[in-house]
Structure formats: C-alpha cells, structure tokens
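Protein chains in written order, with our numbering: chain H, 1 to 112; chain V, 113 to 225. Idealized CB from N, CA, C, for every residue including glycine. Predicted model, so just to flag it, every value in this text is computed and none were measured.
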Amino acid sequence: DAKTTQPPSMDCAEGRAANLPCNHSTISGNEYVYWYRQIHSQGPQYIIHGLKNNETNEMASLIITEDRKSSTLILPHATLRDTAVYYCIVRVIRGSQGNLIFGKGTKLSVKP
Amino acid sequence: DSGVTQTPKHLITATGQRVTLRCSPRSGDLSVYWYQQSLDQGLQFLIQYYNGEERAKGNILERFSAQQFPDLHSELNLSSLELGDSALYFCASSGQGNFYGYTFGSGTRLTVV
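Written out as structure tokens, the structure reads:
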C-alpha cells in the first residue's frame with residue numbers, strides 16, 4: 001500500500017476548524033484514503049474515508065485533491081476532546097484481505 | 113463500547129513467561145486483526161485471521177502466535193516474554209469487504225517485569 005506523509009504535530013484553538021493535511025503522492029487508482037484517530041492509548045477510531053470525491057459525516061469532512069495526491073481532514077469546530085493522534089492511511093479494499101498500516105500520524109492539540 | 117472486547121485489560125508478568133490475550137470481535141465480523149503499540153514503535157500490524165484462517169502476517173515475532181476459533185474469537189499467545197514486549201496490544205475486527213475499516217477494542221496493556 002502507498003505511504004503517507006503527515007506533519008508530526010499541530011495546534012488548534014477550541015471552536016475553530018482543524019485542518020489536518022496528508023500527502024499520498026504515490027496513491028494508486030484503487031486505493032482509498034482513510035482517517036483514524038487515537039485518543040490517548042485508547043483503540044484507534046474510524047473517522048472517515050473516501051476515494052476521490054469529498055466526503056462528510058457527523059465527525060468530519062474529507063477533501064481530496066483532484067489529482068488525489070493529497071487530502072485534508074477537517075474538524076469543523078474542534079473541541080478539547082478532539083485532542084488525539086490522527087492517522088491518514090491509504091489502502092486497497094480487497095474483500096476479506098488487506099490490513100491497515102499506520103504511520104506516525106499527526107498529534108493534534110486543541111487548546112482552550 | 114466499540115463491540116470488540118479484549119481481555120484482560122491489564123497484565124503484569126515476568127520475563128520468560130507465557131501469556132494469552134483474548135479478543136471477541138464485533139457481532140458478524142469475520143476478520144480479526146492484532147496490533148502491537150509500544151512507546152517507540154507506534155502501531156504495528158501483527159497478524160490477521162479471517163473466519164478461522166490466517167490471511168496476512170505483519171511484524172509478528174516467532175515467539176508470538178495467534179488463532180481464531182470457530183466462534184470467531186481470537187487469542188494471541190506471547191511466549192518467552194522479554195522486557196521489550198511490554199506494550200499495548202489491540203485487536204480489531206471488520207466485516208465482509210471491510211469497506212468501513214476496522215473497529216478496534218480498548219486494548220490489553222502488557223507489562224513485562
């Protein structure tokens with residue numbers, strides 16, 4: 001699976017939008033972009049995923065560039081509880097196979 | 113509650129010992145994955161089982177083994193434990209096609225002394 005590049009850390013003020021970038025310049029046409037987060041030693045939590053269209057759910061929005069070489073996860077109104085490590089992962093969905101390979105992620109600190 | 117149950121939550125054992133970690137996947141999920149997270153290594157994929165069969169292997173040591181039983185629960189066996197095996201061990205499960213990714217349990221914290 002393709003690898004991703006994320007900044008190691010970011011700060012965000014509470015109530016403001018948090019925009020977390022991810023580069024995946026070698027992504028293949030059949031690879032999806034997934035975002036997970038891990039709040040202090042808890043199990044990672046699925047946030048959102050997409051192939052090429054922008055996606056939105058109750059947690060976040062995912063913006064994927066037209067060339068699919070990068071994406072941005074947007075938390076529209078960050079709260080202190082959004083402080084976590086955010087992982088951007090690209091993967092092929094292979095039916096019963098395939099696994100998530102985690103990188104180092106971005107440590108997001110939401111400050112009052 | 114994610115629906116993935118891991119037991120025990122905490123485990124303290126001595127070097128050289130053997131332990132078994134247990135995972136019950138979310139209802140209906142056929143795939144189980146094991147991950148190790150130590151302070152300096154991040155989340156490392158260990159192994160995947162699908163409906164009782166091994167499907168993918170990652171950075172799993174030969175001292176470690178796993179299996180998935182007919183009721184779909186899985187066990188991760190760690191033997192000849194070393195201090196460096198101290199880590200959080202996560203189990204995750206996914207359903208057919210795993211389109212929506214994995215659901216993770218809350219982990220087992222293993223401390224080897």
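Query, Result
"8 angstroms Cβ cutoff met for Tyr201(V) and Tyr145(V)", "no"
"Under the three-state DSSP convention, the category Arg134(V) falls into", "strand"
"Cutoff 8 angstroms: Asn23(H) Cβ touching any chain V Cβ", "no"
"At least three beta-carbon pairs within less than 8 angstroms, the region 119-136 of chain V to the region 173-193 of chain V", "yes"
"C-beta contact flag for Ser136(V) and His185(V) at 8 angstroms", "yes"
"Residues bridged to Phe102(H) (per DSSP)", "DSSP, once it has assigned bridges, lists no residue as partnering Phe102(H)."
"Close Cβ partners of Ile63(H) (< 7 angstroms) along its chain, the five nearest in sequence each way excluded", "Asn54, Ser71, Thr72 and Ile74"
"Of the residues Arg167(V), Asp197(V), Lys169(V) and Thr125(V), the one placed nearest Ser150(V), counting alpha carbons only", "Asp197(V)"
"Residues that His49(H) contacts on chain V, provided the C-beta gap is smaller than 7 angstroms", "Gly213"
"Residue from Glu14(H), Val85(H) and Ile89(H) with nearest C-alpha to Ser25(H)", "Ile89(H)"
"Rounded straight-line distance, which links the Cα of Ala126(V) to that of Pro21(H)", "42 angstroms"
"Proximity winner among Gly115(V), Arg134(V) and Lys121(V), relative to Gln180(V) (alpha-carbon distances)", "Arg134(V)"
"CB-CB length for Met10(H) against Thr79(H), believed under 8 angstroms", "Met10(H) to Thr79(H), Cβ: 15 angstroms. No contact."
"Proximal residues of chain V, C-beta to C-beta of Asn99(H) below 8 angstroms", "Tyr145, Phe157, Gln160, Ala168 and Gly170"
"Three-way DSSP call (helix, strand, coil) for Gly196(V) in this model", "helix"
"Length of the line joining the Cα atoms of Thr56(H) and Val110(H)", "21 angstroms"
"Candidates Ile124(V), Gly140(V) and Gly164(V), of which the one nearest Thr220(V) by Cα", "Ile124(V)"
"Beta carbon proximity, Gln6(H) to chain A, threshold 8 angstroms", "Absent here is chain A; the protein component of the structure consists of chains H and V."
"Uninterrupted beta strand (DSSP E) stretches inside the region 25-78 of chain H (no shorter than 3 residues)", "31-38, 45-50, 61-64 and 70-75"
"Residue-level contact to chain V via CB, Ser41(H), 8 angstroms cutoff", "yes"
"Pair within 8 angstroms by beta-carbon distance, Lys52(H) and Asn23(H)", "no"
"Own chain partners of Ser96(H) with C-beta closer than 8 angstroms, once the 5 adjacent residues on each side are dropped", "Residue placement at Ser96(H) is flagged as unreliable, the pLDDT there being 46, under the threshold of 50; a coordinate-derived value is accordingly withheld."
"Buried or exposed (CB count within 10 angstroms, at least 16 for buried), Gly43(H)", "buried"
"As assigned by DSSP and simplified to three states, the class of Arg221(V)", "strand"
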